[in-house]
Structure formats: structure tokens, C-alpha cells
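Step one of this worksheet: look at the structure below.
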Amino acid sequence: SDLLNKETIQCDGSYLPDITYIEGQELVINSSTVDKYIGVDGFKECRYRQILRHGTNENIFRSSKWKEPFTNRIELKKNSEFLQVECTNNKSELVSKSYWPLIPRNEEFDEMDYLNFKKRQTESAPKETLNVIMICLDSLPRNQFLRSLVKTYSYLTNNLTSFDLTMHAQLGINTFHNSLPLFTGHSIEETNKWWTESNHMDTLDIIWKTFEKAGYRTLFAEDEPYGGAFNYLKKGFKYPFARYNNRPLALAMEEDKDIWSRNNFCAGNQLEVNFLLNYVGSFLDTFSENPVFGVLMLTKATHDDTTNAKMLDDHMLNFYQSLNERGHLNRTLLISFSDHGPRWGAIRDSVNGEFESRTPYTILTFPDWFLTKHPEVAINLKINTKRLTTHYDTHATLQDLLYFKSDMPPPLAPLRHGISLFDVIPWDRTCNDVPIPADFCMCGYQNFEEISIQSQISSHLAKLVLKSLNSKINSSLCAVLKIKDILRIVKILLDENTTKVKNNQTVYKVKLQTSPGDGIFEANVYGHNGTVWSVGHNIDRLNLYRGQADCVQNANDRLFCYCKDLLKHAQDGDAL
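Counting along the sequence shown from 1, when you hit position 324 you're at 315 in the numbering used here, and nothing is skipped either side.
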């Protein structure tokens, strides 16, 4: 289909091209690029300034003063991290604009990192030390990864030794609700007992801090600074939780309207995805003698349309091949993953898409020597590819790897959830065992039975969902929703074993459209003996709601809100 025939995205070199590059501690003008795109007669000079993080507010950045112009090369200040470069022609017109992220060594941390690593080696004596690099493509379900990133998947599974968790289930509705289990080991419900989304996040037991305490250099990078895991309608962190974090640069680039093209995939003449993959690569290059933990969250390309992943296949493949050729994968656990499945779009709208919306992918790639040396780990990982797994297990595995086969108890809080993938996950594990919330549990689903939308039960189920929707909205700011259309009702047929376990509970998927705002929602409704009904806690919003819910600040409330002031504007417009 056309959805999957998307060509590899390329960023044309003539649009505000990069005519500078970094060489050691110098910023250098590339004369051949100047000749190709600008012409020597048209080139005058370049200048740069530093982009700096704000002391305690990670949602704003600072800029230094512009340094003196140069025409060939200029020495950079020691520990420069983020640069903005502008070049002009003889008419003083802008002909090139670039942003460069560097990985300064920051020697002031060397002693602390050395001692933390030595302490880990001495007190815990883990048997191995591996880097961990995690690359996320937001909202991409496993099946779509297999359909779109064909070359990348083949390379991971045929050229390298990888374990594809084929029954990986998600734990919550959005990036944040899945990032908490992955990066802290706790659910949103557990966290909300003592923390709210109006608080900063520095008190979360985030795994970057665990790795840093063990002597690892740490990195976090993202391409969606306003809509990412920790910052969408949230305060984020007061102090950086990772040693290296591209956030100030990402904010500066986001604010710069000059550089973006091709649906905002291209920043100048660089594909932003490659720009960030190279940032991770530089991190590994800089610390090739030290252990590192790095996470890259790529959101823009796949969040709104997961079929865009096809355009990234060649780029992801090239990156993984390059890491391998540079020797990095020989000392690294590489985790390719998504946080959750798609929440809207053409595929999500189908019955099959409902399943895909609950099935993110996680693929773990290990160096061969590690698996040869520890064959029982390789056997267990292989078994676990066909067991029910979640982000809790990935979290448990990261902790297990950090203190791998240590004879001493590790200096870690005991796990609340999750089983390390180095151990065997039980074949009869259930959603309740994990726990996976009922609305995200795919176990025991055997088949569907379409229910006529004209039937009495359809009307009853739709009204139950509407009542639940209206209970979730801020009624002082948001309009009361009404049913505009019942779109689909499906009865889930469970296998015999699951039916017994659930005491003959029936499960219906109810999809309806509401007014005002034409929101499309899908919910689970659970029937008990045909008389007691309950609507699942998580109701999915299947179409985008940008511009409809700006009157509320809470990310979860926005899913269900159509702002009353929009109704007023619409009526005013009708009056005209």
C-alpha cells in the first residue's frame, strides 16, 4: 500500500547548508561546500555563539554573545557543548545556519566517575561491564517495526545477535505512563501516591542516577523538547538528571523557524534523526574507554504517523552498522524499543490496529562474546522472547546488568515489579502477575464478534462510555460531550482458560464519536453476569485534538476536553 511505500527521507544540501564542521577543538569552514553551494564570491564570514542551559529551568535556554567572525577556522572554548553557527555573504545575507552538539569530556567529573566505578568494582564485583544504549521510536508497534524497518530488523537479527520480545505488552496510555515503569520501575498510580504532575521530577528514582552512581557517564537526548517524556505539560527536572542532555540545543532549534523543512524532519541540510544518532555516536566515541548509559527518544517522525518509520530504515541501518564497525557494539547492550503503540492514524482505526496500539517492540542486542561466556543467559533470553514481558522487565534487566552476577547484594532498592530477562519468565505469567492494567491486557483474546450498532446493548454500552467520558472532564472549562455516532462495537471472545479465570466476564470494545469537537474514543466495557457493567479506566482518544483543549493544562484532561470558549467563538461566528 501507499502507506508503506514511503521513500527514504533525504535533506537537500542547498537549503541553509552546513558549511562548517568540528575538528577536535576547532570550528572549521569547509571550503568545498562553500564552492558547491554558495560560490566563493558570495561568501563573506561565519560566526558562532554558545547555547547554554539555564541554571534551574530546563524549559528555557541562554545564549552567549557572538564570537568574532572568522573565514577559515576558529578555536573553541574548552568544554563548549552546544553551538549555533551563522554564515553570511558579501551582502550580509544569511547563507548558512547550523547547530552543533559536542560531547566535552568534562574532566572535573573524572575523579568522581573513577571512584564510583572503582567502588562498584570493589564492593559489588560484578562479573561484566557493558555500555547500555537505548534508541526509542515513539508510538511504533512491533508489527509496524517489522513492516517498515525491514533492513534494520534483518541486520539486528541476522548480522548481530538480538532477542526480539514478541509478546511485549505496554503498561499505560502515553509516553510518560510507560517511561515511569521503564526508567523508575514504578507505575503512574504508585508514583502519584506521593508525587503529582505539578511537581518537578528530581525526586523520581530515575535509572540515569543509578548508572551514574556506578561510575557510568550518562546521556539523554530527544527531538521533541516540549512534547517529550518528561516535559509535555509538566515541569520536568530542575537539575539535569543526565550528564549530557541536548535539551538546551533542542529548545534553541525548535524556536528557530529558519532551519526546518520537509515536514520538520530536516534541520538545515541534516536529517534531525541522523543529527541525534550522531550525537549518541559521538558520546560513545568520546568515552570509548569508559562505561556509558545513553537513551535517545525519537518522537517527531513516528508519533503522528507510524508509517513514516519506512523513511528511516536506511538511516537506522547505517547508524547501527557504523556503531558495529567502530567496535562500540562489542561492549554494549543495544536496546531498540518503543514506549507504546500508536494512539491514532489510519491503521489504529482498524480492528487490528487496536491490538497494535497495545504492542510496543523491544529488541535487545548483545555482543557475541557475552553470550558465549554466559550461555545460560543466552538460553533464558531466547525463552523469554516468547513470554509475556513489559517495560518492568527491561528495567529489572538494566539493574541486573549493572551488578551482573555480583556475589554481594547490589546497592539498589528491591524491585517492586519485573523479572530480569537473564532469568526465565514463567510460561503461565498473567497480566495480573505483572501487573498489566486490564485495559492494556491482550492475553486470552481469541476472536471478535461485531455487534450491530442499532442494537439495544450497543446503545446501552455507548451511554456507559459517554457517562465515563463526562466524568473525566473539567466541567467548568470543557463542554459536556454528547454522542454523535456509534462507530463500532465489538465483543471480544476470550479463550476457555481466560474465561474461567475472569469468572465469565465479557469484554466489549466500544468506539464512538462525540460532539462538540468530533472526538473519536474507544473504551473497554466489562460485563459481569450480564447485569453489572464497568467502563475501563483508560479511554483512548483516536484522533488528534490540537487546538481543542488548550484551556486545560493537564495532559490527561486534554484528551477529553473541548473548550467552552471555542463554542462561544463558533456561536459568535454564526451570528456574523
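The beta carbon of each residue, even a glycine, is placed where N, CA and C say it ideally should be.
Under the three-state reduction of DSSP output, residue 283 falls in the strand class. In the structure shown, the three-state DSSP call for residue 372 is helix. By the Cβ rule, the region 195 to 211 counts as touching the region 105 to 120, because three or more pairs are nearer than 8 Å. In the DSSP assignment, residue 356 falls within the beta strand (DSSP E) that extends over 353 to 357.
Per DSSP, the beta bridge partners of residue 380 are 159. Closest by C-alpha distance to residue 216, out of 76, 523 and 51, is 51. Taking each of 136, 14, 281 and 21 in turn and checking the Cα distance to residue 66, the smallest one comes out for 14. Note that the region 330 to 342 touches the region 526 to 541; at least 3 beta-carbon pairs, one per stretch, sit closer than 8 Å.
Note: residue 79 is bridge-paired with 36 and 85 in the DSSP secondary-structure output. Non-local beta-carbon contacts of residue 98 in its own chain, meaning distances under 8 Å to residues more than five positions away in sequence, are absent.
Residue 116 and residue 401 have their alpha carbons spaced roughly 10 Å apart.
Straight-line spacing of the CA atoms in residue 68 and residue 39 works out to 11 Å. Scanning the region 480 to 543 from its first residue to its last, the whole beta strand (DSSP E) runs of 3-plus residues come out as 497 to 506, 511 to 519 and 523 to 526. In the DSSP assignment, the residues bridged to residue 19 are 12 and 64. Around residue 319, the same chain offers 275 as residues with beta carbons nearer than 6 Å, after the five sequence neighbours per side are excluded.
Membership of residue 324 in the beta strand (DSSP E) is indicated by the continuous run 323 to 328.
Secondary-structure assignment with DSSP links residue 110 through no beta bridge to anything. Non-local beta-carbon contacts of residue 479 in its own chain, meaning distances under 6 Å to residues more than five positions away in sequence, involve 502 in chain order. Distance from the CA of residue 131 to the CA of residue 306, rounded to the nearest whole angstrom, comes to 16 Å.
At the C-beta level, residue 440 and residue 482 come within 9 Å of one another. Between the region 176 to 183 and the region 367 to 381, the count of Cβ pairs shorter than 8 Å is below three; the stretches do not touch. For the pair residue 551 and residue 163, the Cα-to-Cα distance works out to about 17 Å.
The Cβ neighbour count for residue 438, taken over all protein chains shown within 10 Å, is under 16; the residue is labelled exposed. Remark: three or more beta-carbon pairs, one from each stretch, lie closer than 8 Å, so the region 296 to 310 and the region 127 to 143 are flagged as touching. Within the same chain, and ignoring the five residues on either side of residue 260 in sequence, the residues whose Cβ sits closer than 8 Å to its Cβ are 2, 3, 4, 5, 6, 7, 8 and 9. By alpha-carbon distance to residue 516, the top candidate from 458, 504 and 256 is 458. Closest in C-alpha terms to residue 0, from the list 485, 304 and 364, comes 304.
Counting along the chain, no beta strand (DSSP E) covers residue 147, and no H or E run does either. Comparing alpha carbon positions, the residue from 367, 363, 342 and 327 closest to residue 351 is 327. Within the region 184 to 231, complete beta strand (DSSP E) segments of at least 3 residues are found at 208 to 213, given in chain order.
Around the beta carbon of residue 214, a 10 Å sphere encloses 16 or more other beta carbons of the protein chains shown; the residue is thus reported as buried. Measuring C-alpha to C-alpha distances from residue 265 to each of 249, 17, 278 and 288 identifies 288 as the nearest. For residue 440, the enclosing beta strand (DSSP E) covers residues 436 to 442. The beta-carbon distance between residue 453 and residue 553, rounded to whole angstroms, is 18 Å. This is too long to meet the 8 Å contact definition. A Cβ-Cβ distance of about 22 Å is found for the pair residue 139 and residue 220, leaving them out of contact under the 8 Å criterion. Listed in chain order, the non-local C-beta contacts of residue 399 below 6 Å within the same chain comprise 115, local neighbours out to five positions each way being set aside.
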